[in-house]
Each structure stands twice: as structure tokens, then as C-alpha cells.
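Peer 1: Before we start, here is the structure in question, set down as C-alpha cells.
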Amino acid sequence: GIQVEQSPPDLILQEGANSTLRCNFSDSVNNLQWFHQNPWGQLINLFYIPSGTKQNGRLSATTVATERYSLLYISSSQTTDSGVYFCAVEGSGYSTLTFGKGTMLLVSP
Amino acid sequence: NAGVTQTPKFRVLKTGQSMTLLCAQDMNHEYMYWYRQDPGMGLRLIHYSVGEGTTAKGEVPDGYNVSRLKKQNFLLGLESAAPSQTSVYFCASSYGGSGTSVTYEQYFGPGTRLTVT
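As given, the protein sequences belong to chains Z and A, one line each in that order.
The first sequence begins at -16 in the numbering used here and counts up one residue at a time.
The second sequence begins at 46 in the numbering used here and counts up one residue at a time.
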């Protein structure tokens, strides 16, 4: 099956800093989504982005499908951004998402 | 609009006991999914359903059964619980999936924390 690698595994930031999270995948994809799991365990869909660039407030994401990676940018980070960020992909020929192991982000005041 | 709800939120079972986890969604989604989340493993798909009356196996289906008798509900059953099934279980739903023309962001329920002793 398709392999998904996220980096870095852990990240500690001061409030106000910017960060870039990376997701590499091993094959072509039909579907790529970014999720945020808050410290209480709730998973929230951030972006559906199989290709191109999207922005939502301080967050933006870019997927370069031909080079098999996606980036999630967080600008002016806030303590509420803390949690785990997951990338999930659906490989061509498959019908379900495969999740990476996540990037754990801690934003300190 | 409650979105995706899961019942119960917490449960402790003894080895060999059985239980059913209930997932309900009010978004008229066709696709529903059950995942388990273990430390350091991300989320792994147990079973999924592409419509009422259908089910399919995911990555880690052994020891679990599912049923989708109604479009809005997806049940996950453990017939004989084992300590290896201690995990957090998430249900998710989406409008469609691969091969459909609709976008298919997945929306997650709050999770069920299950401990098997």
C-alpha cells in the first residue's frame, strides 16, 4: 500500500512563530487531507487538497502531486494550534485513506 | 446539526466480553468508517461502508464486525474482547469516496476510549 511520512515528528514553537509541516507519500494520490487533533482528542478536517494551494485564515496548504509531497503552513501560531497534525492520503486505485503518524506541535505562550 | 456522534465515550471490558460501539451521523453521508488510534501509530482503518447495507474490510479488521442497517448508523462489534483491542476508536463519515464526483472530506466523531483488562 501507499506509504505516508510526516516530518518533523515533534515541534515546539513560541507563540507568534511560523512553521511548516511536511507530508511525503510514495505513490500518486486521488485524495489528500490534513487533520488537526486537539489535546482533547477531537479530529478536525483542515484541508481537502489533492493538488494546488488553499488558505484558511492563518493556515495554508500546498500539495505538489507530481513530486509527491504536501506542506501545511501555520503562521503566527497560537497556543490553540497545539495538538497533532495528520496527513492522510488515498492512493490511486484505492478507496480509503492512509494516515501518517502525525506531527505533534506544542505552542508555548 | 450534531455531525458525527459516538456512543459510549468510555468503556472498560474484561477479556472475552462483547460490546457494540454505535456511530451516528446526521449529514446524509454515504460513506462511514471505523478507525482505531494507538500511541505512535496514527489512525488505522478497521472497516468501512460505502452505503446502507454494505461493509468492507480495512487495514486491521480481525476481531471486529460491523453492520450498516441504516444509512445514518454504523455499528462496530467486538465479539470477544482482547487486551490488544485497548485503543481509542473513531468513527468518520464522508459524502463520497474514490470514483465519485463529490469532494469527500472526512468528518470525525469524538472517539470512544476502550480498555480491555
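Quick reminder that beta carbons are idealized off the backbone N, C-alpha and C, glycines included.
Bear in mind that the values here come from a model prediction, so they are computed numbers and not experimental data.
Just confirm the distance between the C-beta atoms of cysteine 70 of chain Z and glutamine -11 of chain Z, as a whole number of angstroms; I'd bet it's less than 8 Å.
Peer 2: Here residue 70 of chain Z refers to the residue found at position 87 when the first sequence is read from its first residue. Here residue -11 of chain Z refers to the residue found at position 6 when the first sequence is read from its first residue. Right, their Cβ atoms sit about 6 Å apart.
Peer 1: Hey, is the stretch 60 to 70 of chain Z in contact with the stretch 49 to 66 of chain A, meaning 3+ C-beta pairs nearer than 8 Å?
Peer 2: Output reads no: the stretch 49 to 66 of chain A does not touch the stretch 60 to 70 of chain Z.
Peer 1: Taking only beta carbons into account, state which residues of the stretch 4 to 20 of chain Z come closer than 9 Å to chain A, listed in chain order.
Peer 2: Listed by position along the chain: Asn13, Asn14, Gln16, Phe18, Gln20.
Peer 1: Out of A:Ser138, A:Ala101, A:Thr160, A:Glu97, point me to the one whose CA is closest to isoleucine 91 of chain A's CA.
Peer 2: Walking along the second sequence from the start, residue 91 of chain A turns up at place 46. It is A:Ala101 whose Cα lies nearest to the Cα of isoleucine 91 of chain A.
Peer 1: If distances are taken between C-alpha atoms only, which option among A:Gly85, A:Val105, A:Met77, A:Pro84 comes closest to tyrosine 93 of chain A?
Peer 2: Position 48 of the second sequence, counted from the start, is the residue given in the question as residue 93 of chain A. If we check each option's Cα against that of tyrosine 93 of chain A, A:Met77 comes out closest.
Peer 1: Consider the Cβ of glutamate 124 of chain A: report whether some Cβ of chain Z lies at a distance smaller than 9 Å.
Peer 2: Within the second sequence, numbered from 1, the residue matching residue 124 of chain A stands at position 79. Chain Z contact via Cβ: absent.
Peer 1: Mind checking which residues open and close the beta strand (DSSP E) that includes glycine 66 of chain Z?
Peer 2: For the purposes of this step, residue 66 of chain Z is taken as the residue at position 83 of the first sequence. Run containing glycine 66 of chain Z: 66 to 74, per the beta strand (DSSP E) assignment.
Peer 1: Within 10 angstroms of the Cβ of serine 125 of chain A, are there 16 or more other Cβ atoms? Answer buried if so, exposed if not.
Peer 2: Taking the second sequence and counting its residues from 1, one reaches residue 125 of chain A at position 80. The residue is exposed, with fewer than 16 neighbouring Cβ atoms inside 10 Å.
Peer 1: Return helix, strand or coil for threonine 63 of chain Z, following the three-state DSSP convention.
Peer 2: Taking the first sequence and counting its residues from 1, one reaches residue 63 of chain Z at position 80. Threonine 63 of chain Z: helix per DSSP, three-state reduction.
Peer 1: If you measure from the beta carbon of glycine 35 of chain Z to each beta carbon in chain A, is any gap under 9 Å?
Peer 2: For this step, residue 35 of chain Z is matched to residue 52 along the first sequence. For glycine 35 of chain Z, the answer is no, since every Cβ of chain A falls outside 9 Å of its Cβ.
Peer 1: Note down the Cα distance separating glutamate 150 of chain A from threonine 162 of chain A, rounded to an integer number of angstroms.
Peer 2: Taking the second sequence and counting its residues from 1, the one referred to as residue 150 of chain A is at position 105. Taking the second sequence and counting its residues from 1, the one referred to as residue 162 of chain A is at position 117. Distance between the alpha carbons of glutamate 150 of chain A and threonine 162 of chain A is about 35 Å.
Peer 1: Can you name, in chain order, every residue of its own chain whose Cβ lies under 6 Å from the Cβ of alanine 47 of chain A, other than the five neighbours on each side?
Peer 2: Here residue 47 of chain A corresponds to residue number 2 of the second sequence, with the count starting at 1. Correct list, in chain order: Asp71.
Peer 1: Can you pull the chain Z residues whose beta carbon is under 9 Å from the beta carbon of leucine 90 of chain A, in chain order?
Peer 2: By one-based count along the second sequence, residue 90 of chain A stands at place 45. Here the neighbours are Thr79, Leu80, Thr81, Phe82.
Peer 1: Does any residue of chain Z have a CB that is nearer than 9 Å to the CB of glutamine 51 of chain A?
Peer 2: Counted from its first residue, the second sequence places residue 51 of chain A at position 6. With 9 Å as the cut-off, glutamine 51 of chain A does not count as an interface residue toward chain Z.
Peer 1: My understanding is that serine 43 of chain Z touches threonine 36 of chain Z, with C-beta atoms under 8 Å, so please give their C-beta distance in whole angstroms.
Peer 2: Here residue 43 of chain Z refers to the residue found at position 60 when the first sequence is read from its first residue. Here residue 36 of chain Z refers to the residue found at position 53 when the first sequence is read from its first residue. Correct: roughly 7 Å between the Cβ atoms.
Peer 1: Residues in its own chain within less than 8 Å of leucine 80 of chain Z by CB, not counting five upstream and five downstream?
Peer 2: The residue you call residue 80 of chain Z lines up with position 97 of the first sequence. Excluding positions up to five away in sequence, the list reads Asn14, Gln16, Ala71, Val72, Glu73.
Peer 1: Mind listing the chain Z neighbours of valine 133 of chain A? Cutoff is C-beta to C-beta under 8 Å, in chain order.
Peer 2: Against the second sequence, residue 133 of chain A aligns to sequence position 88. Simply Gly24.
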